[in-house]
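*Asks:*
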Amino acid sequence: QGACGAMAFKFVFFDWNGTLAYKSGVPKEEKRRVMIEAMVDAINSIPGFGHGLASEAAMPLSQDAFAAVYYKLREKYSDKQGQGSYSLPDVLHAAWRELGLYFSPEEEEQLMTRFFSTTQLKKKGLYPGVQQLLQAVSAAGLGIGLIRNSKTPKQQMIARMESHEIASYFSTVIMSGEVGFKKPSRQVFEAAVAAAGLEEVQKTAAKQILYIGNESAKDIVGANQMGWTSVLVRHTEQSSGGKADHEIDELPQLLDILGIAS
170 QGACGAMAFK FVFFDWNGTL AYKSGVPKEE KRRVMIEAMV DAINSIPGFG
220 HGLASEAAMP LSQDAFAAVY YKLREKYSDK QGQGSYSLPD VLHAAWRELG
270 LYFSPEEEEQ LMTRFFSTTQ LKKKGLYPGV QQLLQAVSAA GLGIGLIRNS
320 KTPKQQMIAR MESHEIASYF STVIMSGEVG FKKPSRQVFE AAVAAAGLEE
370 VQKTAAKQIL YIGNESAKDI VGANQMGWTS VLVRHTEQSS GGKADHEIDE
420 LPQLLDILGI AS
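What the sequence shown shows, in my numbering, is residues 170 to 431, in sequence order.
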């Protein structure tokens with residue numbers, strides 16, 4: 170599908186996994202197992218087992234005990250007709266409380282740092298041309314944002330983008346867990362509009378906001394209900410079935426849609 174011709178775009182929102190970055194390919198259950206193992210190891214590394222006491226009598230926390238509490242709370246926090254999302258730190262804090270674990274602010278920071286550094290070790294790199302694409306879009310004067318279905322805190326996401334040397338291009342980062350809803354829920358996209366200061370554009374020229382993702386059911390449906398220009402990058406799907414305004418095979422092709430010289 171071709172370019173938008175004279176369309177003057179104002180802002181471009183990207184998805185992350187499968188769009189800008191390769192998916193890890195690790196099954197969800199394996200990801201959860203690694204996550205639980207990482208958190209339990211981090212907790213057991215705290216002297217006094219998180220009770221604020223350097224007690225040698227404290228028994229190590231088992232993965233089974235933590236998993237049972239985590240999965241129960243995960244269901245509770247996700248109960249929004251299938252569109253709910255939650256911040257991982259919120260669930261972890263709730264799990265600590267239910268398990269009777271209490272940490273100082275310094276210990277909490279240590280736990281989160283160790284936890285996230287462990288769980289991100291298997292993350293893969295960016296698709297070819299991402300840095301050059303973002304540089305060209307930014308140089309053209311367009312705003313750039315990220316809308317991602319993830320329980321990861323925004324600051325951890327920004328740190329990950331910094332590791333790829335692309336964080337500076339993004340003025341807006343929206344994580345579904347911090348909104349409380351996930352794509353294609355309208356609330357996630359509305360949060361992005363508010364964060365980017367695009368309320369007037371949304372009201373008068375919504376098509377000037379472009380969203381690109383790799384999943385029709387989440388990315389394209391969500392962008393379409395906002396009236397945005399939707400683009401499917403066919404990294405993981407062969408077609409949107411006519412749902413997307415545009416479909417491309419490689420990220421640099423987005424520049425043609427935006428009317429930016431490559």
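Quick reminder that beta carbons are idealized off the backbone N, C-alpha and C, glycines included.
List the DSSP bridge partners of F182.
*Replies:* Taking the sequence shown and counting its residues from 1, one reaches residue 182 at position 13. By DSSP's assignment, F182 forms a beta bridge with G314, Y380.
*Asks:* Between the C-alpha atoms of Y296 and A375, what's the straight-line distance to the nearest angstrom?
*Replies:* Within the sequence shown, numbered from 1, the residue matching residue 296 stands at position 127. Within the sequence shown, numbered from 1, the residue matching residue 375 stands at position 206. Taking the straight line joining both Cα atoms gives about 28 Å.
*Asks:* Looking at C-beta atoms only, is the number of pairs between the stretch 344-354 and the stretch 375-392 that lie closer than 8 Å three or more?
*Replies:* yes
*Asks:* If we call anything under 7 Å between Cβ atoms a contact, is F339 one with I381?
*Replies:* Numbered from its first residue, the sequence shown carries residue 339 at position 170. Numbered from its first residue, the sequence shown carries residue 381 at position 212. For F339 and I381, no; Cβs fall outside 7 Å.
*Asks:* Under the DSSP definition of a beta bridge, which residues are partnered with S399?
*Replies:* Here residue 399 corresponds to residue number 230 of the sequence shown, with the count starting at 1. S399 pairs with Y380.
*Asks:* Residues in its own chain within less than 6 Å of G187 by CB, not counting five upstream and five downstream?
*Replies:* On the sequence shown, position 18 is the one that residue 187 refers to. For G187, where only same-chain residues beyond five positions count, the Cβ hits under 6 Å are N383, H404, T405.
*Asks:* Would you mind sorting D418 into buried or exposed? The rule is 16 or more other CB atoms within 10 Å of its CB.
*Replies:* Here residue 418 corresponds to residue number 249 of the sequence shown, with the count starting at 1. Exposed, by the Cβ-count rule.
*Asks:* In the DSSP assignment, the alpha helix (DSSP H) including T443 goes from what residue to what residue?
*Replies:* In this structure the chain extends from 170 to 431, so residue 443 is not present and cannot be described.
*Asks:* In this structure, what does DSSP give as the bridge partners for I417?
*Replies:* Walking along the sequence shown from the start, residue 417 turns up at place 248. Answer by DSSP bridge pairing, in chain order: V402.
*Asks:* Apart from the five residues on each side of it in sequence, which residues of its chain come closer than 6 Å, Cβ to Cβ, to D414?
*Replies:* By 1-based counting over the sequence shown, the position of residue 414 is 245. Counting only Cβ-Cβ distances below 6 Å, and skipping sequence neighbours, we find T398, S399.
*Asks:* Please name the residue or residues paired with T282 in a DSSP beta bridge.
*Replies:* Walking along the sequence shown from the start, residue 282 turns up at place 113. Answer by DSSP bridge pairing: none, since T282 is not bridged.
*Asks:* Report all residues from its chain with a CB closer than 6 Å to the CB of P229; omit the five preceding and five following residues, and keep chain order.
*Replies:* Within the sequence shown, residue 229 is the residue found at index 60, counting from 1. Contacts found: N213.
*Asks:* Between which two residues does the alpha helix (DSSP H) holding I343 run?
*Replies:* Residue 343 sits at position 174 when you count from the first residue of the sequence shown. I343 -> not in any alpha helix (DSSP H); beta strand (DSSP E) instead, spanning 341-344.
*Asks:* Do you know how far the Cα of L303 is from the Cα of E275?
*Replies:* Mapped onto the sequence shown, residue 275 falls at position 106. Mapped onto the sequence shown, residue 303 falls at position 134. The straight-line gap from Cα to Cα measures roughly 36 Å.
*Asks:* A236: which of H333, I335, E198 sits nearest, CA to CA?
*Replies:* Numbered from 1 along the sequence shown, position 67 holds the residue referred to as residue 236. The candidate whose alpha carbon is nearest that of A236 is E198.
*Asks:* Roughly how many angstroms separate the alpha carbons of M208 and M326, rounded to a whole number?
*Replies:* Taking the first residue of the sequence shown as 1, we reach residue 208 at position 39. Taking the first residue of the sequence shown as 1, we reach residue 326 at position 157. Each residue's alpha carbon lies about 18 Å from the other.
*Asks:* I need the straight-line Cα distance from V342 to F285, nearest angstrom please.
*Replies:* For this step, residue 342 is matched to residue 173 along the sequence shown. For this step, residue 285 is matched to residue 116 along the sequence shown. Each residue's alpha carbon lies about 18 Å from the other.
*Asks:* Nearest-angstrom Cα distance between R317 and A364?
*Replies:* Walking along the sequence shown from the start, residue 317 turns up at place 148. Walking along the sequence shown from the start, residue 364 turns up at place 195. If you take the alpha carbons of R317 and A364, they lie about 14 Å apart.
*Asks:* When the distance is taken between beta carbons, is L315 closer than 7 Å to F178?
*Replies:* Taking the sequence shown and counting its residues from 1, the one referred to as residue 178 is at position 9. Taking the sequence shown and counting its residues from 1, the one referred to as residue 315 is at position 146. Result no, Cβ atoms of F178 and L315 do not sit closer than 7 Å.
*Asks:* Helix, strand or coil: which one does DSSP assign to F272?
*Replies:* Against the sequence shown, residue 272 aligns to sequence position 103. Coil at F272, not helix or strand.
*Asks:* Nearest-angstrom Cα distance between L268 and V238?
*Replies:* Working through the sequence shown from its first residue, we reach residue 268 at position 99. Working through the sequence shown from its first residue, we reach residue 238 at position 69. Using only the alpha carbons, I get a separation of about 8 Å.
*Asks:* Cβ of F358 within 7 Å of Cβ of M395?
*Replies:* Walking along the sequence shown from the start, residue 358 turns up at place 189. Walking along the sequence shown from the start, residue 395 turns up at place 226. Their beta carbons are under 7 Å apart, which means F358 touches M395 by this criterion.
*Asks:* When burial is assigned at 16 or more other CB atoms within 10 Å of the CB, is A216 buried or exposed?
*Replies:* Position 47 of the sequence shown, counted from the start, is the residue given in the question as residue 216. Per the sequence presented here, residue 216 reads as Pro, with Ala not at that position. Looking at its Cβ environment, which holds fewer than 16 other Cβ atoms inside 10 Å, P216 is exposed.
*Asks:* Tell me whether S319 is buried or exposed, calling it buried when 16 or more other Cβ atoms sit within 10 Å of its Cβ.
*Replies:* For this step, residue 319 is matched to residue 150 along the sequence shown. Buried, because 16 or more other Cβ atoms sit within 10 Å of the Cβ of S319.
*Asks:* Going by alpha carbons, who is nearest to Y191 out of A263, H333, T321, K245?
*Replies:* Along the sequence shown, read from residue 1 onward, the residue named residue 191 stands at position 22. For Y191, the nearest C-alpha among the options comes from H333.
*Asks:* Around the Cβ of Y240, are there at least 16 other Cβ atoms within 10 angstroms (buried) or fewer (exposed)?
*Replies:* Here residue 240 refers to the residue found at position 71 when the sequence shown is read from its first residue. With a threshold of 16 other beta carbon atoms within 10 Å, Y240 falls short and is exposed.
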